Amino acid sequence: MDRHLTAKLQAHFSNQRQMAFLSGPRQVGKTTIARQLIAQRSINGSTNTYLNWDNQSHRESILKGPEHIAGMLGLQTLQTTAPLCAFDELHKYRRWRDFLKGLFDTYENELRILVTGSARLDVFKRGGDSLMGRYFSYTLHPMSVAEINRPAMVISDGSPISPPTEIDADTWLALNRFGGFPEPLSKGNQAFYNRWRRLRTQQLFREDIRDLTRVQDIAQLEQLAQTILAQVGQLTSYTKLANSARVSVDTARRWIAILEALYWCFSIRPWHKNIARSLRKEPKYYAWDFSIVDDIGARAENLVASALLKFTHALSEAGRGDYGLYFLRDKDKREVDFLVTENAEPWFLVEVKTSGKTKLSPTLEYFQNTTGARHAFQIAMDLPYVERDCFSVRGPIVVPARTLLSQLV
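Using numbering that gives the first Met the number 0, the first residue of the sequence shown is number 0, and each one after it goes up by one.
Below you can see the structure in the form of structure tokens.
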């Protein structure tokens, strides 16, 4: 399955000296991209390698230090293009930052470096020297409507919004049912999905958390995670979450931060600029894998949240500007599910509904007038695709999810 970040990383290594840090959830396709990049560069005659910290022999090579890696790649011999070395799960090595700093500073002009990991590499620093100025970060998200339709797309300097394209009806249903992770989505098989989901959960809670944190009460952490799933899209009460896991509020907050760092969930915070009586503190949480959300309405909201987060990450990481994702709610309980911002200014509002028969929410117009957002959309998950640019309309309007989401990334 082709991914849009493959072309982006190819361009990175052709034009940038910095290392590329590629992070994202387990099973989202990071290793596949790394191997594709190595295969493509090997065609040009360079010596490239993939090293996984979880592989014992690979680990021994890494522990021998930068000079050993240089010897493996033949850096003392003239090559057509600079070799690529991909390191997977290197953040599990306590001195990974020192290792990369030494390798990069010594062989900056002779080598290209890709670092992938299933945890946020800016969180699990594990001490060591700063890598400031030596890398650019990229986030690999699950598949979305836009990427399914245009896997080879590259974000250009033109409009950040793409023309609408229609997703196949069966693929749309599969995306809603199995989520956007490549393997279960491409197979479309319920039995495989059930086994894949169970194994992925076990690996996260029994392996990643064990390897990267000091949490010992795994069963209680899993209970906390299940409570978050049951409250997807709702205002967060840390007290209720703590009570569900029978831990303190501080412990609950710390555990949620771990789940975020390991790409199990993400948070969206309220936008309060120019909003009278707005909420300022309580975030909402969503799952990176929206397929594990059981409630149909909450899953639909999570699917859209995931697509919007992917959109804002892609634009920001492409250097297009500073893009953010928020929600709107005031103390009078008026609420809109999502607000996308561009350079700290409201851009467009999104309210999610499962049915196109639902009346247009009056809070969309209220918050569009209050924030000055250029567009206000009420997404309907069940409406058929319409061949029209949603962003050609400024006022509040009901749009098919299949149309709007196809215009993102």
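For every residue, glycine included, the Cβ atom is placed at its ideal position computed from N, Cα and C. Bear in mind that the values here come from a model prediction, so they are computed numbers and not experimental data.
Inclusion of residue 232 and residue 283 in the CB contact set at 8 Å is warranted, their separation being smaller than that value. When the beta-carbon positions are compared, residue 114 and residue 265 stay at least 8 Å from each other. Counted as a single uninterrupted DSSP element, the alpha helix (DSSP H) harbouring residue 259 occupies residues 248 to 260. Restricted to the segment 116 to 172, the alpha helix (DSSP H) segments that are unbroken, complete and at least 4 residues in length are 144 to 148, listed in chain order. Looking at the backbone, the Cα of residue 300 and that of residue 404 are separated by about 12 Å.
With distances taken between CA atoms, residue 285 lies nearest to 304 out of 80, 78, 304. In this structure, the beta-carbon distance from residue 139 to residue 28 falls below 8 Å. In the displayed model, residue 77 falls within coil according to three-state DSSP, outside both helix and strand. Boundaries around residue 396 are those of the beta strand (DSSP E), 396 to 399, since no alpha helix (DSSP H) includes it.
A buried status is given to residue 98, since no fewer than 16 other beta-carbon atoms sit within 10 Å of its beta-carbon. By the Cβ rule, the segment 240 to 250 does not count as touching the segment 99 to 109, because fewer than three pairs are nearer than 8 Å.
Distance check between residue 225 and each of 193, 84, 146, 293 places 293 closest, using alpha-carbon atoms only. Within the same chain, 311, 339, 340, 343 come within 8 Å of residue 323 by CB-CB distance, once the 5 residues on both sides are set aside. In this structure, the alpha-carbon of residue 254 lies about 31 Å from that of residue 190. The criterion of a C-beta distance shorter than 8 Å is satisfied by residue 335 and residue 366. Rounded to the nearest whole angstrom, the C-alpha separation of residue 194 and residue 257 is 24 Å. By the criterion of a C-beta distance shorter than 6 Å, residue 386 is surrounded by no residue of its chain, once the five residues flanking it on both sides are discounted. Around the beta carbon of residue 63, fewer than 16 other beta carbons lie within 10 angstroms, which makes this residue exposed. Within the same chain, and ignoring the five residues on either side of residue 270 in sequence, the residues whose Cβ sits closer than 8 Å to its Cβ are 277, 325, 326, 327, 338, 340, 345, 370. Fully enclosed alpha helix (DSSP H) runs of no fewer than 4 residues occupy 295 to 316 of the segment 268 to 319, in order along the chain. In this structure the segment 163 to 181 does not lie against the segment 38 to 52, because fewer than three pairs of beta carbons, one per stretch, are closer than 8 Å.
Following the DSSP letters along the chain, one finds residue 369 inside the alpha helix (DSSP H) bounded by residues 361 to 370. DSSP places residue 325 in no alpha helix (DSSP H) but in the uninterrupted beta strand (DSSP E) bounded by 322 to 328. In this structure, the beta-carbon distance from residue 362 to residue 393 does not fall below 8 Å.
8 Å or more divides the Cβ of residue 109 from the Cβ of residue 83.
Shortest Cα-Cα distance from residue 330 to any of 347, 314, 281 involves 281.
Sequence-distant partners of residue 35 (beyond 5 residues in either direction) whose C-beta falls short of 7 Å from its own C-beta, in its chain, are 5. The alpha helix (DSSP H) runs lying completely inside the segment 169 to 220 and spanning 4 residues or more are 181 to 186, 189 to 202, 208 to 211, given in chain order. The C-beta distance from residue 118 to residue 3 rounds to 22 Å, too long to fall under 8 Å, and the pair is not in contact.
Apart from the 5 residues on each side of it in sequence, residue 268 sits with its Cβ closer than 7 Å to the Cβ of 282, 325 in its chain, given in chain order. Assigned with DSSP and collapsed to three states, residue 52 falls in coil, not helix or strand.
In the DSSP annotation of this structure, residue 90 is not part of any alpha helix (DSSP H), being labelled neither H nor E. Residue 60 is positioned such that its CB atom lies closer than 8 Å to that of residue 68. Excluding its 5 nearest sequence neighbours in each direction, residue 244 has C-beta neighbours in its own chain below 6 Å: 219, 222, 223, listed in chain order.
Taking the C-beta atoms as reference points, residue 360 is found nearer than 8 Å to residue 377. Comparing C-alpha distances from residue 356 to each of 380, 45, 348 shows the shortest one belongs to 380.
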